[in-house]
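*Asks:* If you read the sequence shown in full-length UniProt numbering, its first letter stands for residue 1, the second for the next number, and so on.
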Amino acid sequence: MSDTGRGSPFAPHTDAETAAMLDAIGVESQEELFDIPEDVRFDGEFGIAPRSEREIRHEIQLHLDRDDDLTAFLGRGHYDHYVPSMVDHLADRSEFLSSYTQYQPEIAQGFLQALFEYQSMLVELTGLEIANCSMYDGASALGEAATLALRARSVDGTRVLIPELLADGRRAVLENYLAGTDATIERYPMADGNADREALADALDDDCAMVYAENPTVRGTIEEGLSEIGELADEHGALFCLGTDGVALSLLEKPASVGADVVVGDAALGLGASGGLGLGLFATHEDFLRQVPGRLVGVGEDSDENRAYTLTLQTREQHIRRERATSNICTNQAWVALRAAMHAAWLGADGLVGLAEDCVTNARDLADRLDDVDGVEAPAHDRHHFREFTVRTDRPAAEMREELEDEGFAVHAIDDQLLQFCVTETNAGQIEDLAAAVEVVA
Numbered sequence: 001m002s003d004t005g006r007g008s009p010f011a012p013h014t015d016a017e018t019a020a021m022l023d024a025i026g027v028e029s030q031e032e033l034f035d036i037p038e039d040v041r042f043d044g045e046f047g048i049a050p051r052s053e054r055e056i057r058h059e060i061q062l063h064l065d066r067d068d069d070l071t072a073f074l075g076r077g078h079y080d081h082y083v084p085s086m087v088d089h090l091a092d093r094s095e096f097l098s099s100y101t102q103y104q105p106e107i108a109q110g111f112l113q114a115l116f117e118y119q120s121m122l123v124e125l126t127g128l129e130i131a132n133c134s135m136y137d138g139a140s141a142l143g144e145a146a147t148l149a150l151r152a153r154s155v156d157g158t159r160v161l162i163p164e165l166l167a168d169g170r171r172a173v174l175e176n177y178l179a180g181t182d183a184t185i186e187r188y189p190m191a192d193g194n195a196d197r198e199a200l201a202d203a204l205d206d207d208c209a210m211v212y213a214e215n216p217t218v219r220g221t222i223e224e225g226l227s228e229i230g231e232l233a234d235e236h237g238a239l240f241c242l243g244t245d246g247v248a249l250s251l252l253e254k255p256a257s258v259g260a261d262v263v264v265g266d267a268a269l270g271l272g273a274s275g276g277l278g279l280g281l282f283a284t285h286e287d288f289l290r291q292v293p294g295r296l297v298g299v300g301e302d303s304d305e306n307r308a309y310t311l312t313l314q315t316r317e318q319h320i321r322r323e324r325a326t327s328n329i330c331t332n333q334a335w336v337a338l339r340a341a342m343h344a345a346w347l348g349a350d351g352l353v354g355l356a357e358d359c360v361t362n363a364r365d366l367a368d369r370l371d372d373v374d375g376v377e378a379p380a381h382d383r384h385h386f387r388e389f390t391v392r393t394d395r396p397a398a399e400m401r402e403e404l405e406d407e408g409f410a411v412h413a414i415d416d417q418l419l420q421f422c423v424t425e426t427n428a429g430q431i432e433d434l435a436a437a438v439e440v441v442a
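(1) In this structure, does DSSP put Asp69 in helix, strand or coil?
(2) Apart from the five residues on each side of it in sequence, which residues of its chain come closer than 6 angstroms, Cβ to Cβ, to Ala11?
(3) Compare the beta carbon distance of Ile320 and Gly294 with 7 angstroms and say whether it is the shorter of the two.
(4) Using the C-alpha atoms, what's the distance from Val27 back to Asp3?
(5) Hey, quick one: how far does the alpha helix (DSSP H) through Gly230 stretch, first residue to last?
(6) In terms of residues, what are the limits of the alpha helix (DSSP H) holding Gly77?
(7) With contact counted as at least three CB pairs below 8 angstroms, one residue from each stretch, are the segment 419 to 430 and the segment 375 to 391 in contact?
(8) Taking 7 angstroms as the cut-off, decide whether the C-beta atoms of Leu289 and Thr312 are in contact.
(9) Locate the beta strand (DSSP E) running through Met210, then write down its first and last residues.
(10) Does any CB atom of chain D fall closer than 7 angstroms to the CB of Asp287?
(11) Do Ala283 and Leu128 have their CB atoms nearer than 7 angstroms?
(12) Mind pulling the beta strand (DSSP E) runs of 3 or more residues that sit fully within the segment 270 to 317?
(13) Count the other CB atoms, across all protein chains shown, that sit within 10 Å of the CB of Glu432; report buried if there are 16 or more and exposed otherwise.
(14) At the level of alpha carbons, what is the spacing between Val258 and Glu223?
(15) Excluding the 5 residues preceding and the 5 following Gly143 in the sequence, name in chain order all residues of the same chain whose CB lies nearer than 8 angstroms to its CB.
(16) If you draw a straight line from the C-alpha of Glu357 to the C-alpha of Glu405, how long is it?
(17) Which residue spans inside the segment 365 to 412 form an unbroken beta strand (DSSP E) run of at least 3?
(18) Assuming the contact rule is C-beta atoms closer than 8 angstroms, Leu269 and His81 should be a hit. Round their C-beta distance to whole Å, please.
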């Protein structure tokens, strides 16, 4: 507190102003506003003995050495693609790493241009006209798509239809987004890993606001009836939302060509598989421009008629419109979007397609290898697959998963008799070793 009694620029109240506010709400101190249990309340001492950097590094390494040395064949939304060192070196520049939302275009032209390029890449991959410069992850992007559908003037319904097979986290976030609204979430059946289009047609009516499908699905199958799903949604005035990822978009059917109104998902570029942090994709038609959540970077001219970038259409957002905002999302993954754009640019169009093709062939090769193992049927679904697939086992899947961990491999057990494997370029070299381990435990 300065001699004038005024605090920092971030908490500029004088002592008198603070006392007046406390008096108005009937408490004597700011501490009374927080109910912090005694056993976790900071008492001024951390209780951590001081150590040198060398000692701390040694202790951390001891803890890391205790970790299991597993080769992960895990997927279901978190994919480990090789990220070139160029991405780390460029993204770690201070002007990128320390940046928040680029509200001051006069000092953020480089970052804004990179985000504009990210949006442009996503527009090209989806075939839709508008893409924002990132969401938290695919789950939050799905929630925002559902609320967009409920706001859209062209939609009258309140039912949101989702596939029976959907990642638990994605469904839970959608439920949180729609809690407190009139919307209801209903599941439609799957047939051999893909949407049961006849059952979906029976479930659709004019009270549907949005139909959600995925390509690839959570089990890695490539959805074959997207155009029909898009037509069914359109017939009933519902929006068609398609879930996918940045690598799959380069090879599979372009969303705009199958009638998708909104595209959501995780980028699967720019970051290794962290099991948490991601980057949400969101693209849609220009008709919904003012309903798009999150940040949009636009291009125009400055006072000297030079090309310039800036955040645009901010009147949609909560820091301006407050309760009338189209979304209450208040930040984004700009730095991760930057990394994704760098990764995609490093790959180039041919490299991105090549990576996607490897996701098909590597999964097929591993499935063929596992299908030769007694007691294993691979893949469990008679479909084409992208990056991952399920395997039906004679033995309990949970037991096989645990025994595979003992052999040095991490896989998913998703049902009593179903394992799921995910193959990318980072673990493809261990396919034979994994197959040998499956032979041991099957």
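Backbone N, C-alpha and C fix where the C-beta goes; we use that ideal spot for every residue, glycine too.
*Replies:* Taking the structure as given:
(1) Taking the first residue of the sequence shown as position 1, residue 69 is located at position 69. Residue state, collapsed to three classes: coil.
(2) Within the sequence shown, residue 11 is the residue found at index 11, counting from 1. Answer for Ala11: no residue qualifies.
(3) Along the sequence shown, one-based indexing puts residue 320 at 320. Along the sequence shown, one-based indexing puts residue 294 at 294. No; because the gap between Cβ atoms is not below 7 angstroms, this pair is not in contact.
(4) One-based indexing of the sequence shown puts residue 3 at position 3. One-based indexing of the sequence shown puts residue 27 at position 27. In this prediction, Asp3 has a pLDDT of 44, which is less than 50 and means its spatial position is unreliable; nothing more can be read from the coordinates.
(5) Mapped onto the sequence shown, residue 230 falls at position 230. Residues 226 to 235.
(6) Translated into positions along the sequence shown, residue 77 becomes position 77. Here Gly77 belongs to no alpha helix (DSSP H), and DSSP marks it neither H nor E.
(7) yes
(8) Here residue 289 refers to the residue found at position 289 of the sequence shown. Here residue 312 refers to the residue found at position 312 of the sequence shown. No; because the gap between Cβ atoms is not below 7 angstroms, this pair is not in contact.
(9) As a working note, residue 210 is residue 210 in the sequence shown. Taken as a continuous stretch (DSSP letters only), the beta strand (DSSP E) holding Met210 covers 208 to 214.
(10) The structure shown contains no chain D; it is built from a single protein chain.
(11) Translated into the one-based positions of the sequence shown, residue 283 becomes position 283. Translated into the one-based positions of the sequence shown, residue 128 becomes position 128. Yes, they are a contact pair.
(12) 280 to 284, 297 to 301, 307 to 311
(13) Walking along the sequence shown from the start, residue 432 turns up at place 432. Label assigned to Glu432: exposed.
(14) Taking the first residue of the sequence shown as position 1, residue 258 is located at position 258. Taking the first residue of the sequence shown as position 1, residue 223 is located at position 223. C-alpha separation (whole angstroms): 11 angstroms.
(15) Within the sequence shown, the letter at position 143 stands for residue 143. Correct list, in chain order: Val173, Leu174, Asn176, Tyr177, Leu178.
(16) Here residue 357 refers to the residue found at position 357 of the sequence shown. Here residue 405 refers to the residue found at position 405 of the sequence shown. In a straight line, the C-alpha of Glu357 is about 29 angstroms away from that of Glu405.
(17) 388 to 393
(18) For the purposes of this step, residue 269 is taken as the residue at position 269 of the sequence shown. For the purposes of this step, residue 81 is taken as the residue at position 81 of the sequence shown. Correct: roughly 7 angstroms between the Cβ atoms.
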